[in-house]
Amino acid sequence: MGMSPALSPRPNPPGSHGPVNAAKAKPLVHLLNHKTVPSPSLTSAATTPGGPDEGLAEEMNDVVKNQFVFGARLGEGTYATVYRGHYREEPSKLVAIKKMKKNTEWQDGINLDSLREMKYLAELHHPYVINLIAVFTTKDENINLVLEHLPRGELQDIWKDKDIAYGGADVKAWSNMICQGVWWLHENFVLHRDIKSNNILIAADNSLKLADFGLARSFANPEAEMTYNVITRFYRPPELFLGSSHYGGCVDMWSVGCVIAELAVRDWFLPSETDLAHLGVITEVFGVPTESDWPGISKLRFWKEQLENTPAKRPQPLSWWRGRMPLIGDAGIDLVRGLLTMNPVKRLTAKQALEHHYWTAAPKPQKKENLPRKGGKEAEKAMGESLKRVGETEDDKMTKIARKLDFGAMR
Amino acid sequence: MRLNEDDLYRQSTQYKHWSFTPSDLTRLRQKTNAHAATQVKLHIAQDRVERAKLATLDVASAPESGADTPNGNGAGTGANTPVPGGAGDKGGEVDCLTTEEENMVVDKFCETAMKLGDFLKLQPDVTATAIQFMRRFYLYNSPMTYDGTKISKTAFFLALKLELGTRAGSASDFASRLPKTSRDDIVAPEYTIVQALRFNFEVRHPFRGLKGVHLELEDMIRGNYAVAHDGRTPAELRGEALQALEVAEEEEAATKLGNIYAHTKDILTMAAQLTDAYFLYTPSQILLAAHLLASPALTTFYLATKIPSSSPASTKILSTLQSCADLLSSHRSYSKNPAQHKLAWADGDPPATKKAMKKLRGCKDPTTQDLVALNAGKKRDVVRDGTLEEGKAKRRKLNRETAEKENDAFWGPELKKEG
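Chains E and S are the protein sequences, given in the same order. Quick note: the first sequence uses full-length UniProt numbering, first residue 1, plus one each step. Quick note: the second sequence uses full-length UniProt numbering, first residue 1, plus one each step.
Structure (structure tokens):
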């Protein structure tokens, strides 16, 4: 295959001095559970808490820190090192601790990806979103994110591993968990902006968990201008290639469509070599959109250069879809096509996706405990490896340089 | 699954970690104050001992004539360490701020921050987030420990990053827009701040809902609103809305509505930021309370389109809104007729605030004034010994510079800034 979905379009970490092509660490395991992070005891007598040199904030931090014990190192990236960890009181309860590296954060302080990840995960608690259990600093002022331990690797490993057999019921169960997780984000006015099968991790009970919130942002303010240079290429919707800078949950829903299609075909669904070529790949399947099926499209920033002179093309017929995705049946195909609707206004929202007849059509979604998965040891290794993944192609290097130079890029 | 806004709000860190009853809020502040006062007294005493030692050393090693040099209070030595009360430190009992005085000082810091945001022409969201970060920070830290000017610069940069993402610009860009500020000044206190913020960065601002309320009101005035719970027709709602605004025509209504919008927004971006409103009330309560101040009749009408005025909940809600409105209108920025220059009220300080600010000068913790040095990895050393370990600092600086050079070797040096 030899093709990679390209790195997320995010700039290099500010002040990163590491090897140029070292991969960004991946959030692994992740609810800022207020029960585990008690306020400094209001009830205790107001004497000096902590040591004589500690303030209340430090005291609070120490309470959190002392709940966890660091274990083996699982992986290391440009931004962070990830360790296995466990609760001090309950050693069998595992966590993953993501220790943010400080040197990469020097120029502009704590990097944006970490801030965003902490900001959004602290607000979002859902069975299908990675759980941020706590955050603390260690004395050298490294920030540590305590995340839930997700030992079964990534969703991508499942479809890539030809030794794992799965069927329509399994795809349905996975797809539904993804849609529920994304629905929750959107109800909370948060866009993920980097949904892809290797940002979806698998818990011990086979639940899927949306992870990596480094590109997430709020979309509560409809006037705010947002970047179109976001979402990993294979999963990026057409409106972003056309330069749309006002959008909502629809961008994530396109990515969800790509992930479900990927599970159905056990391969990349819309692979391409470059950003410029990708819109061509999309129109190959979905036809060339016109003002009549997408009113307003010709007003988008890059429409002239990207589409104006493209010869008309019809979308692939239903028979093409039936040929490619027998695994999910007509109902599944209808859902995927609803999610992969070119016009973002007509695309299914997360709520509409959850109301789709696919979920109630036969077969029933697989029970969680019966979902196929990688073996225990192998999968834990995969968790470590996913962190170390390095974008080493020349193409990636060039992209990174381009990003470094793209001062105006917004997110 | 049915979700309402209350359920969503109860998931937020603002609700879980930053909402208090008035008595909890007072107790937390008393605890912070008591703790800081102990530290301040301890550190000033240590500082005096240190100074006395240095003074003796100076005397001992000075040339013969030096023996006559008056060096009573040691103000001439160790000039790097801020001295409580400066040369005027008589070495007597340190008079620490009370909780009330701390509140006044923090309010003053926040007012200054608001002026800074105005001066830098930052979006209201950024300024409001920065101010709320400061208010949250000073629940767990005393202004005697951390200087408001320094904390505000970093709070602003943090708010910029969180609200604007990569458009926030770099720390050095931001520093260059501020007087006598380096990138280190911006970045150094960040860890101290994020720790006190408990790594919670989402602030739910009441003004974010204002536009929505007004879109609904506009619809009602045009007779296009049809979802009243009590079966009132759009035409009836239109009539009542016009009556609440005391106008007969839609055009007049639109002008009046515009004024109410602007007034509410002023209250939300000033008084709501500079009081404990965010700690004591929910965003929607603050929004409606501000609206109540701007137009009682219209707000009562609007509420009744959501909850029947006969419902017991309605009475309860109105009394909560009224108490929140009282808090907002108690702030000196509140005016019934918004002035042209919105921050004019902040030009002078009340006498009590002036007095507290003056008192603060005599009770600052000497170990936490140089935040850049504290951050340079010497935190504990500084705190414990009251002195800097220069060797360590130099080594770190060297490592940093080497790393930067290596980076530059690949990327080319950083672009020189113009001007």
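All residues carry an ideal CB built from backbone N, CA and C; glycine is no exception.
Under 8 Å Cβ-Cβ, which residues of chain S neighbour residue i?
i: K160 (chain E); result: Result: empty, since nearest Cβ-Cβ is about 32 Å, beyond 8 Å.
If you measure between the beta carbons of residue i and residue j, is that distance less than 8 Å?
i: V203 (chain S); j: Q132 (chain S); result: yes
i: N198 (chain E); j: Q156 (chain E); result: yes
i: L121 (chain E); j: M253 (chain E); result: no
i: L147 (chain E); j: L132 (chain E); result: yes
i: G249 (chain E); j: E117 (chain E); result: no
i: A57 (chain E); j: Y9 (chain S); result: no
i: M342 (chain E); j: W294 (chain E); result: yes
i: L178 (chain S); j: L268 (chain S); result: no
i: G71 (chain E); j: H86 (chain E); result: yes
I need the DSSP call for residue i, collapsed to helix, strand or coil.
i: V265 (chain E); result: helix
i: E154 (chain E); result: strand
i: I164 (chain E); result: coil
i: Y9 (chain S); result: helix
i: L240 (chain E); result: helix
i: R361 (chain S); result: coil
i: F201 (chain S); result: coil
i: K65 (chain E); result: helix
i: L97 (chain S); result: coil
i: K53 (chain S); result: helix
i: H263 (chain S); result: helix
i: S172 (chain S); result: helix
i: S218 (chain E); result: strand
i: L276 (chain E); result: helix
i: L191 (chain E); result: strand
i: V247 (chain S); result: coil
i: H129 (chain E); result: Looking at the sequence provided, one finds Val at residue 129 (chain E) rather than His. Strand.
i: G117 (chain S); result: helix
i: R183 (chain S); result: helix
i: A361 (chain E); result: coil
Bridge partners of residue i, per DSSP?
i: F136 (chain E); result: E:N144
i: I200 (chain E); result: E:L210
i: K93 (chain E); result: Bridge partners of K93 (chain E): none, in fact.
i: E76 (chain E); result: E:T81
i: K108 (chain S); result: BP columns for K108 (chain S) are empty, so no partner.
i: G100 (chain E); result: Residue identity differs from the one stated: residue 100 (chain E) is Met in this sequence, not Gly. E:A80, per the DSSP bridge assignment.
i: Y87 (chain E); result: E:F68
Note down, in chain order, each residue of its chain lying with its Cβ closer than 6 Å to the Cβ of residue i, except the 5 sequence neighbours on either side.
i: Q11 (chain S); result: none
i: Y261 (chain S); result: H214
i: K172 (chain E); result: P365
i: T275 (chain S); result: L327 and H331
i: K24 (chain E); result: Interpretation of K24 (chain E) is limited by its pLDDT of 36, a score under 50 that renders its predicted location unreliable; no figure is taken from the coordinates.
i: A356 (chain S); result: E101, M104 and V105
i: K41 (chain S); result: V94
Can you name the residues of chain S whose CB is closer than 7 Å to the CB of residue i?
i: D212 (chain E); result: Per Cβ cutoff of 7 Å: no residues; D212 (chain E) is ~16 Å from chain S at best.
i: T141 (chain E); result: Note that residue 141 (chain E) corresponds to Glu in the displayed sequence, not to Thr. Ordered by position in chain S, the residues that pass the 7 Å Cβ test against E141 (chain E) are Y191.
i: A57 (chain E); result: Y140, N141, Q195 and A196
i: V135 (chain E); result: F199
i: A220 (chain E); result: R208
Which residues of chain E have a Cβ atom closer than 7 Å to the Cβ of residue i, listed in chain order?
i: Q11 (chain S); result: E123 and H125
i: N200 (chain S); result: A122
i: S310 (chain S); result: Going along chain E, no residue has its Cβ under 7 Å from S310 (chain S), so there is no contact; the nearest lies around 32 Å.
i: L162 (chain S); result: L115 and K119
i: K306 (chain S); result: None at all; the shortest Cβ gap to chain E is about 20 Å.
Is residue i near the ligand PLP, going by C-beta to nearest heavy atom under 7 Å?
i: V281 (chain E); result: Ligands are entirely absent from the displayed structure, and the ligand PLP is therefore not among its contents.
Can you pull the chain S neighbours of residue i, defined as C-beta to C-beta under 9 Å?
i: R217 (chain E); result: G165
i: E187 (chain E); result: L3 and L8
i: M60 (chain E); result: Y140, Q195, A196 and R198
Determine the chain E residues that contact residue i at a beta-carbon separation under 9 Å, and present them in chain order.
i: L280 (chain S); result: None at all; the shortest Cβ gap to chain E is about 16 Å.
Go through its chain and collect everything with a Cβ distance to residue i's Cβ below 8 Å, but skip five positions before and after it.
i: Y191 (chain S); result: N375
i: K209 (chain E); result: H30, Y128, V129, I130, N131, E148, L150, G181, I200, L201, I202 and A203
i: F410 (chain S); result: For F410 (chain S), the predicted structure reports a pLDDT of 42, less than 50, and the residue's modelled location is therefore unreliable. A value from the coordinates is still provided. Here the set comprises nothing.
i: M134 (chain S); result: V106, F109, C110, A113, G148, I151, S152 and A155
i: G88 (chain S); result: With a pLDDT of only 47 at G88 (chain S), under the threshold of 50, the placement of this residue in the model should not be trusted, and no figure is reported.
Considering only residues of the same chain and omitting the five flanking positions on each side of residue i, which have a CB-CB separation below 7 Å?
i: K256 (chain S); result: L245 and V247
i: H17 (chain S); result: R198 and N200
i: Q316 (chain E); result: V285
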